[in-house]
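Below is one structure, written out as structure tokens; the observations come after it.
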Amino acid sequence: MNHDDLRDWSKKAADWTHAYHAGLRDRPVRAPLNHGATAARLPDTPPEAAEPMEAIFADFERLVPDAMTHWQHPRFFAYFPANAAPASMLAEQLANSMAAQAMLWQTSPAATEMEEVMVRWLARALGLPEGFRGTIHDTATTATLAATLTMRERALDWAGLTRGLSAAPRLRIYASAETHSSIDKAVRVAGIGQENLVKVPTDAAHAMDPAALAALIRADRAAGYLPAGVVICCGGTSIGAFDRVAETIAVARAEDLYTHVDAAWAGSAMICPEFRPLWAGVEGADSVVFNPHKWLGAQFDCSVQFLADPVPQIRTLGLRPSFLETLGAGEVTNFNEWTLPLGRRFRALKLWFLIRAYGLDGLRQRIRNHVAWSEELARAIAARPGFEVTTGPALSLFTFALSAGDAATEALFTRINDDGRIYLTQTRHEGRFVIRLQVGSFDCTREDVMTTLDVLDDLAPA
Ligand SMILES: *Cc1c(COP(=O)(O)O)cnc(C)c1O
């Protein structure tokens with residue numbers, strides 16, 4: 070395949086893309102659960118001779134789409150969304166066409182400078198104060214690991230980087246049980262250890278109890294531990310829990326601990342001023358992560374981390390061997406020094422296309438609709454005999470269950486996902502099996518959301 074062929078096949082791929090999206094509503098949302106089916110249809114050995122693109126493309130159409138879960142389906146209500154607005158997909162195609170490696174300013178000046186400007190645009194869009202800077206990671210997991218390593222090194226006065234941790238004091242990180250498992254992963258791989266992630270008790274609203282946090286920090290200091298940081302949950306993955314940000318940061322500040330706010334999903338909603346009270350006090354955080362690739366519409370992957378002061382993170386992650394020095398350009402931003410990988414994609418381009426093509430107002434309208442439709446649907450489900458809304462809605466996420474108990478709820482859940490019209494996921498909340506439902510697909514309509522009631526009419530026990 071050469072670039073002339075690429076042009077022709079790109080046109081075919083564009084036609085395929087159009088037809089795929091036009092037909093999404095007719096597909097079951099979730100892939101059929103027949104494990105091993107795709108692998109069994111692929112040859113065991115790679116071809117020695119080149120194969121024609123006609124055959125490869127035909128096999129793609131035959132093998133792949135029917136074995137996919139359709140994340141852009143308008144009735145995808147599972148997990149959280151991974152929206153890819155068409156304008157952001159177009160930008161990804163262009164970024165892919167140039168296929169640049171944006172590790173340093175000089176390896177792609179436009180990529181670095183646009184990243185700086187897009188982070189500033191988004192800070193403004195979310196109502197964060199002037200002065201926050203930041204960078205774009207692949208995922209929130211990576212951003213949270215970067216923040217956790219910064220907590221570690223700041224607490225150790227950057228001695229861990231050189232001496233390692235074997236003789237270091239035992240560090241402590243604090244978070245509630247509502248925080249995402251990426252925090253657990255971060256403390257594990259940062260060498261802090263799962264046992265040193267202290268799960269702070271929550272109150273009746275599932276928010277971390279700031280007084281309990283203060284007491285735990287004091288007790289840990291008395292016992293010889295070295296408290297390093299607090300991870301604050303804004304929109305937890307299970308039920309959308311929010312910590313009380315201002316009060317929690319006040320406790321962390323008083324103890325000189327670094328704070329990282331995980332708003333991976335809910336951060337997008339903060340483009341709407343009416344939702345900002347949910348994270349009031351966020352301006353005091355050291356680090357905030359949110360994923361435009363979830364609710365906002367930027368094609369995966371795109372996770373933005375805001376930093377009140379980037380220096381501690383750069384001091385933790387930045388290395389500048391002589392072969393990476395930029396000679397003759399003065400002081401420039403080299404984003405690889407802010408993040409874990411050296412290599413980085415040009416992710417800012419899709420934000421630039423997305424925000425311009427829909428405008429903040431267009432993006433706000435979608436999120437407002439999702440929240441309103443989620444509330445409407447939750448009310449309708451709560452009114453059905455035998456059903457309970459168990460949490461929320463928190464923004465556009467709520468959970469529900471059958472009053473008859475876990476077995477009945479789980480059986481209904483299985484019937485819903487086998488049916489295919491909608492796709493939901495489950496969680497455990499206060500010991501119960503509950504069904505999660507979030508409204509957030511970029512192209513969903515009120516009718517798509519209300520289809521849930523038809524599905525329940527057809528499948529729920531009478
Ligand atoms: C999705 C999510 C994450 C993990 O996001 P990735 O970008 O997939 O790593 C972390 N925290 C919360 C609250 C999330 O919703």
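In terms of my numbering, the sequence shown opens at residue 70 and continues consecutively. All residues carry an ideal CB built from backbone N, CA and C; glycine is no exception.
Are residue i and residue j close, meaning C-beta to C-beta below 7 Å?
{"i": "residue 260", "j": "residue 225", "result": "no"}
{"i": "residue 331", "j": "residue 371", "result": "no"}
{"i": "residue 23", "j": "residue 109", "result": "Residue numbering for the chain in the displayed model covers 70 to 531; residue 23 lies beyond these limits and cannot be assessed."}
{"i": "residue 351", "j": "residue 300", "result": "no"}
{"i": "residue 168", "j": "residue 177", "result": "no"}
{"i": "residue 380", "j": "residue 205", "result": "no"}
{"i": "residue 510", "j": "residue 145", "result": "yes"}
{"i": "residue 403", "j": "residue 173", "result": "yes"}
{"i": "residue 159", "j": "residue 335", "result": "no"}
{"i": "residue 56", "j": "residue 375", "result": "The structure shown has nothing for residue 56, since the chain only spans 70 to 531."}
{"i": "residue 70", "j": "residue 100", "result": "no"}
{"i": "residue 522", "j": "residue 452", "result": "no"}
{"i": "residue 285", "j": "residue 256", "result": "no"}
{"i": "residue 305", "j": "residue 247", "result": "yes"}
{"i": "residue 492", "j": "residue 151", "result": "no"}
{"i": "residue 518", "j": "residue 508", "result": "yes"}
{"i": "residue 223", "j": "residue 294", "result": "no"}
{"i": "residue 180", "j": "residue 171", "result": "yes"}
{"i": "residue 355", "j": "residue 319", "result": "no"}
Taking only heavy atoms of ligand 1 into account, decide whether any of them is closer than 6 Å to the Cβ of residue i.
{"i": "residue 421", "result": "no"}
{"i": "residue 152", "result": "no"}
{"i": "residue 249", "result": "yes"}
{"i": "residue 208", "result": "yes"}
{"i": "residue 408", "result": "no"}
{"i": "residue 95", "result": "no"}
{"i": "residue 157", "result": "no"}
{"i": "residue 334", "result": "yes"}
{"i": "residue 265", "result": "no"}
{"i": "residue 360", "result": "yes"}
{"i": "residue 312", "result": "no"}
{"i": "residue 526", "result": "no"}
{"i": "residue 19", "result": "In the structure as shown, the chain starts at 70 and stops at 531, and residue 19 therefore has no counterpart that could be examined."}
{"i": "residue 331", "result": "yes"}
{"i": "residue 245", "result": "no"}
{"i": "residue 465", "result": "no"}
{"i": "residue 372", "result": "yes"}
Out of the options, point me to the one whose CA is closest to residue i's CA.
{"i": "residue 361", "options": "131, 493, 194 and 129", "result": "194"}
{"i": "residue 457", "options": "449, 363, 377 and 469", "result": "469"}
{"i": "residue 269", "options": "255, 241 and 293", "result": "241"}
{"i": "residue 264", "options": "296, 475 and 280", "result": "296"}
{"i": "residue 251", "options": "212, 275, 228 and 126", "result": "212"}
{"i": "residue 383", "options": "218, 412 and 150", "result": "218"}
{"i": "residue 436", "options": "357, 347, 187 and 513", "result": "513"}
{"i": "residue 317", "options": "334, 243 and 262", "result": "243"}
{"i": "residue 526", "options": "333, 422, 378 and 484", "result": "484"}
{"i": "residue 486", "options": "254, 77, 85 and 139", "result": "139"}
{"i": "residue 528", "options": "482, 517 and 93", "result": "482"}
{"i": "residue 368", "options": "498, 96 and 415", "result": "415"}
{"i": "residue 495", "options": "131, 157 and 308", "result": "308"}
{"i": "residue 422", "options": "232, 389 and 187", "result": "187"}
{"i": "residue 365", "options": "488, 430, 498 and 222", "result": "430"}
{"i": "residue 208", "options": "319, 236, 358 and 87", "result": "358"}
{"i": "residue 347", "options": "143, 438 and 276", "result": "276"}
{"i": "residue 425", "options": "471, 124, 190 and 329", "result": "190"}
{"i": "residue 478", "options": "462, 503, 338 and 107", "result": "503"}
{"i": "residue 322", "options": "447, 279, 175 and 339", "result": "279"}
{"i": "residue 454", "options": "236, 461 and 471", "result": "471"}
Is the CB of residue i under 7 Å away from at least one CB in chain C?
{"i": "residue 140", "result": "This model lacks chain C altogether; it includes just one protein chain."}
Checklist entry - In chain order, which beta strand (DSSP E) runs of at least 3 residues are fully inside the segment 457–487? => result 466–471
Checklist entry - Where are the alpha helix (DSSP H) runs, 4 residues long or more, that stay fully inside the segment 382–467, in chain order? => result 417–451
Next on the checklist: At 3 residues or longer, what runs of the beta strand (DSSP E) sit wholly inside the segment 162–228?
Outcome noted: 202–206
Item to check | Residue ranges of each alpha helix (DSSP H) within the segment 253–300, 4 or longer | outcome: 279–291
Checklist entry - Whole alpha helix (DSSP H) runs in the segment 497–530 with 4 or more residues, listed along the chain? => result 515–528
Item to check | alpha helix (DSSP H) runs contained entirely in the segment 341–366, provided each spans 4 or more residues | outcome: none
Item to check | Sequence ranges, alpha helix (DSSP H) only - wholly within the segment 74–124, length at least 4 | outcome: 106–109
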